[in-house]
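Participant:
In the numbering used here, the protein residues as written are 1 to 165.
The structure is reproduced here in structure tokens:
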């Protein structure tokens with residue numbers, strides 16, 4: 001009904017049964033944009049729940065697909081929100097698969113073995129100093145029956161690597 005008005009402000013007049021009519025202004029979005037908004041809301045709610053039940057000690061990352069864009073988002077989420085946490089929940093629920101499980105596993109499995117100290121600065125992990133990515137903290141992996149293909153491979157590889165003990 002509103003597909004021709006996507007992106008434009010629309011005024012609707014609504015009349016509830018037995019109530020006074022009223023006007024509502026809105027800006028319709030595409031179904032793809034709506035799905036993205038719903039997804040972001042779901043992830044935000046999950047982050048808030050994890051933070052609440054862990055008293056802020058655990059971080060949360062959802063990997064939507066096993067593709068390069070999701071990998072970049074995974075790295076950004078780790079860098080921006082989770083390095084100050086004691087551990088991170090990695091959520092693969094509803095992930096249809098793709099090809100990046102080895103990239104993600106590399107980040108989760110890599111451990112710090114060396115610190116670099118620069119004059120008059122605090123020590124930093126040598127992996128970060130050389131541009132490598134590593135989380136270097138405990139993780140929990142969450143999947144469900146709607147995690148497919150490469151997401152399933154990631155879950156089994158995670159188990160075989162002994163991560164998430």
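All C-beta atoms, glycine included, are put in the ideal place defined by N, C-alpha and C.
Source: prediction; values computed, not measured.
Restricting to Cα atoms, I'd like to know which of 13, 98, 68, 84 is closest to residue 147.
Facilitator: Nearest C-alpha to residue 147: 98.
Participant: At 4 residues or longer, what runs of the alpha helix (DSSP H) sit wholly inside the segment 31-91?
Facilitator: As far as the segment 31-91 is concerned, its whole alpha helix (DSSP H) runs of at least 4 residues are 31-53, 68-77.
Participant: Please list, in chain order, all residues of the same chain as residue 9 whose beta carbon is under 8 Å from its beta carbon, the five residues on each side excluded.
Facilitator: Cβ within range, chain order: 25, 26, 27.
Participant: Starting from residue 156, follow the alpha helix (DSSP H) in both directions and report where the run begins and ends.
Facilitator: From DSSP, the alpha helix (DSSP H) with residue 156 extends over 150-160.
Participant: Should residue 150 go down as buried or exposed, given a rule of 16 or more other Cβ atoms within 10 Å for buried?
Facilitator: When all chains shown are included, residue 150 counts as buried.
Participant: CB residue 105 to CB residue 158, shorter than 8 Å?
Facilitator: Cβ distance < 8 Å, so residue 105 and residue 158 count as in contact.
Participant: Report buried or exposed for residue 3, applying the criterion of at least 16 other Cβ atoms within 10 angstroms of its Cβ.
Facilitator: Classification for residue 3: exposed.
Participant: Residues in the same chain with beta-carbon distance under 6 Å from residue 154, minus the five sequence neighbours each way, listed in chain order, please.
Facilitator: Within the same chain, residue 154 has close Cβ partners 101.
Participant: In terms of residue numbering, what span does the beta strand (DSSP E) encompassing residue 139 cover?
Facilitator: From DSSP, the beta strand (DSSP E) with residue 139 extends over 139-142.
Participant: Okay, do the segment 49-56 and the segment 74-82 touch, 3+ Cβ pairs below 8 Å being the bar?
Facilitator: With a cut-off of 8 Å, the segment 74-82 and the segment 49-56 do not count as touching, because too few Cβ pairs lie within range.
Participant: Taking the alpha carbon of residue 170 as the point to measure from, which residue in 14, 6, 137 has its own alpha carbon closest?
Facilitator: Nothing about residue 170 can be read from this structure; the chain reaches only from 1 to 165.
Participant: By how many angstroms is the C-alpha of residue 23 removed from the C-alpha of residue 14?
Facilitator: If you take the alpha carbons of residue 14 and residue 23, they lie about 6 Å apart.
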